[in-house]
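K.L.:
These protein sequence lines map, in sequence, to chains C and L.
With this note's numbering applied, the first sequence has no gaps in its numbers, which climb one by one up to 178 at the end.
With this note's numbering applied, the second sequence has no gaps in its numbers, which climb one by one up to 278 at the end.
Idealized CB from N, CA, C, for every residue including glycine.
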Amino acid sequence: MEGSKVGNSWFIGFSFLSALVLMVYPLPIDWRWLRPELLCLLAIYWVLRFPQLLGVGMAFLLGLVQDIVQGSLLGQHALALVVTIYITQLTIHRLRTYGTLQQVMWVFLLVFMHELFLYWVSMLLGREALFSYFWAPALISALLWPLLCHGLDKLCWVLRVGV
Amino acid sequence: MLALIAVALIIASRFFSPSMQPVKDKLDGFALGFYWITDLPNRFNNWLDDSLVSREELLEENRSLKGERLILQRKLQQYATLAADNARLRQLMNSAELVQDRVLIAELIGVSPDPTEQVVVVNKGSEHGVFVGQPLLDAYGLMGQVIEVNPYFSRVLLITDASHALSVQINRNGVRAVAEGSGDLYELKLRHVSNTIDVKVGDLLVSSGLGQRFPVGYPVAEVVSILHDPGRAFATVIARPKAQLNRSRHVLLAFSGQRNEGRP
Numbered sequence: 016m017e018g019s020k021v022g023n024s025w026f027i028g029f030s031f032l033s034a035l036v037l038m039v040y041p042l043p044i045d046w047r048w049l050r051p052e053l054l055c056l057l058a059i060y061w062v063l064r065f066p067q068l069l070g071v072g073m074a075f076l077l078g079l080v081q082d083i084v085q086g087s088l089l090g091q092h093a094l095a096l097v098v099t100i101y102i103t104q105l106t107i108h109r110l111r112t113y114g115t116l117q118q119v120m121w122v123f124l125l126v127f128m129h130e131l132f133l134y135w136v137s138m139l140l141g142r143e144a145l146f147s148y149f150w151a152p153a154l155i156s157a158l159l160w161p162l163l164c165h166g167l168d169k170l171c172w173v174l175r176v177g178v
Numbered sequence: 015m016l017a018l019i020a021v022a023l024i025i026a027s028r029f030f031s032p033s034m035q036p037v038k039d040k041l042d043g044f045a046l047g048f049y050w051i052t053d054l055p056n057r058f059n060n061w062l063d064d065s066l067v068s069r070e071e072l073l074e075e076n077r078s079l080k081g082e083r084l085i086l087q088r089k090l091q092q093y094a095t096l097a098a099d100n101a102r103l104r105q106l107m108n109s110a111e112l113v114q115d116r117v118l119i120a121e122l123i124g125v126s127p128d129p130t131e132q133v134v135v136v137n138k139g140s141e142h143g144v145f146v147g148q149p150l151l152d153a154y155g156l157m158g159q160v161i162e163v164n165p166y167f168s169r170v171l172l173i174t175d176a177s178h179a180l181s182v183q184i185n186r187n188g189v190r191a192v193a194e195g196s197g198d199l200y201e202l203k204l205r206h207v208s209n210t211i212d213v214k215v216g217d218l219l220v221s222s223g224l225g226q227r228f229p230v231g232y233p234v235a236e237v238v239s240i241l242h243d244p245g246r247a248f249a250t251v252i253a254r255p256k257a258q259l260n261r262s263r264h265v266l267l268a269f270s271g272q273r274n275e276g277r278p
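Pasting the structure below:
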């Protein structure tokens, strides 16, 4: 799992691109706040898998791209993602030994923090953020985490990524 | 370290946005690709609707459209004489002539993913003559105004966004008020309406044209509740937007004579 090939980067890149597409996929305007933070989840997953390949720098670039695509203030998502990935890196050994339920709870906290930074910037701009904007995406993302992990593990195995 | 850079970027893009505009335009071209992709299912759906229709359905639709057209034409006949009358009366009163608005048909291709702002993306940009501050309408009323223009698409702030306000008047008696967004898609609040003002539930609010941004006379909202609280200086008046902010796909960008630059 530790080794990595440069040829795998296309797969990682592709997964990020598809996550970005899903992040801007138009949901009904009343239900937007339920959207899971797929990109954040994916970044956490890849950092766990390839800690020496991907890190805070990647998180920064990824956040910038997300800002550009979503049309939010440049740097907003970059800041949130950098902080989240930094904390992921600090706790990487613990996260790997955790069982599924503990991982889900930890991911909930990580995504919650991500949202906290995101809406902190929004609120500084004078917008109003409800409390449900924080916990709803975090909860849904955390529940998606085992699915995503399992699915990507399988895909990686099939495509021989990173072995 | 990178977090600091991110903070610096946030500050920079907030306060020095004009100098970063050319860079931003380039980057936004890249963003358009994503909206194009997410719009694909929608377009495929439309294409299916167009190509897989039975003959009976088409005939049925044709019949109902013909009926509708007849009714609208009858209304138009009256409208022609009314417009002429109106122009003559305005001349008598020496007031400015009502300018016919030119419109551009656009399509909604995206919704901002950030739930704290109510912004939609339409598929017309500066290449089609769209400018910042341009009003957006749908078939039922005023929707919002353009806040950001790129060559091929633009972002529109809806009237219900918490940072948006526009001047309106009650259609029945011409009383002016300011309608501000509440962040809720189905609610506009009237600001500073005194307790003695003549407003009723069901009153239609139309744009008053004050503030030089929106054209005069487009329907904006309908009053749904009025609360007179003796403890407060003003009445609480809640109105519901006429435009179907959450489902209109085909929208109109109006050109109403003068252009105004800058954010509200």
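1) Based on the DSSP output, what are the partners of K89(L) in its beta bridges?
2) List the endpoints of the continuous alpha helix (DSSP H) containing S168(L).
3) How would you write the range of the beta strand (DSSP E) that L218(L) sits in, first residue to last?
4) Taking just the CA atoms, how far does Q87(L) sit from Y93(L)?
5) Give a yes or no on whether the C-beta atoms belonging to A176(L) and R175(C) are separated by under 8 Å.
6) Which residues in chain L sit within 7 Å of V87(C), going by Cβ to Cβ distance?
7) Under the three-state reduction of DSSP, which class applies to K203(L): helix, strand or coil?
8) Could you have a look at A253(L) and say whether DSSP puts it in helix, strand or coil?
9) What distance in whole Å lies between the Cβ atoms of V238(L) and A253(L), which are believed to be in contact at a cut-off of 8 Å?
10) Rounded to whole angstroms, what is the Cα-Cα separation between L23(L) and G72(C)?
11) Does the ligand MG have a heavy atom nearer than 7 Å to the CB of W48(C)?
12) Between which two residues does the beta strand (DSSP E) holding H142(L) run?
13) Just the chain L side, please: which residues come within less than 7 Å of L94(C) by C-beta, in chain order?
14) Can you name the residues that DSSP bridges to Q159(L)?
15) Less than 7 Å between C-beta atoms, sequence neighbours within five positions excluded: which residues of the same chain meet that for L259(L)?
16) Just to make sure I have the definition right: I need the residues of chain L whose C-beta is within less than 7 Å of the C-beta of Q91(C). Which are they?
17) Taking 6 Å as the limit between beta carbons, can you name the residues of its chain near H178(L), skipping five residues before and five after?
18) Could you compute how far the alpha carbon of E275(L) sits from the alpha carbon of R261(L)?
19) Are V136(L) and I123(L) touching if we call contact CB-CB under 8 Å?
20) In the DSSP assignment, what residue or residues form a beta bridge with F248(L)?
21) Chain C partners of N260(L), CB-CB under 7 Å?
22) Cβ of S179(L) less than 8 Å from any chain C Cβ?
23) Output, in sequence order along the chain, the residues in the segment 132-148 of chain C whose CB is closer than 7 Å to any CB in chain L.
24) Any beta carbon of chain C sitting closer than 8 Å to that of I51(L)?
25) Quick check on the DSSP output: the alpha helix (DSSP H) that includes F123(C) runs from which residue to which?
26) Sorted by chain position, which residues of the same chain lie with C-beta nearer than 6 Å to V98(C)'s C-beta, five sequence neighbours on each side aside?
P.N.:
If we stick to the structure as given:
1) According to DSSP, which records beta bridges pairwise, K89(L) is partnered with nothing at all.
2) It is not in any alpha helix (DSSP H) - S168(L) instead sits in the beta strand (DSSP E) that spans S168 to L172.
3) L218 to S221
4) 9 Å
5) no
6) Just to set this straight, residue 87(C) is Ser in the shown sequence, not Val. Neighbours of S87(C) on chain L, chain order: D128.
7) strand
8) strand
9) 6 Å
10) 15 Å
11) Questions concerning the ligand MG fall outside what the structure shown contains, since it holds no ligand whatsoever.
12) That residue, H142(L), is in no beta strand (DSSP E); it is neither H nor E in DSSP.
13) A17, A20, V21 and I24
14) P149(L) and L171(L)
15) M157, L172, T174 and L199
16) I24
17) L171 and G195
18) Its pLDDT being 42, under 50, E275(L) is placed unreliably by the model, and nothing is read from it.
19) yes
20) S208(L)
21) P43, I44 and D45
22) Per the sequence presented here, residue 179(L) reads as Ala, with Ser not at that position. No, A179(L) lies away from the interface with chain C (no Cβ there is under 8 Å from its Cβ).
23) Y134, V136, S137, G141, R142, E143, A144 and Y148
24) yes
25) T115 to L139
26) F132
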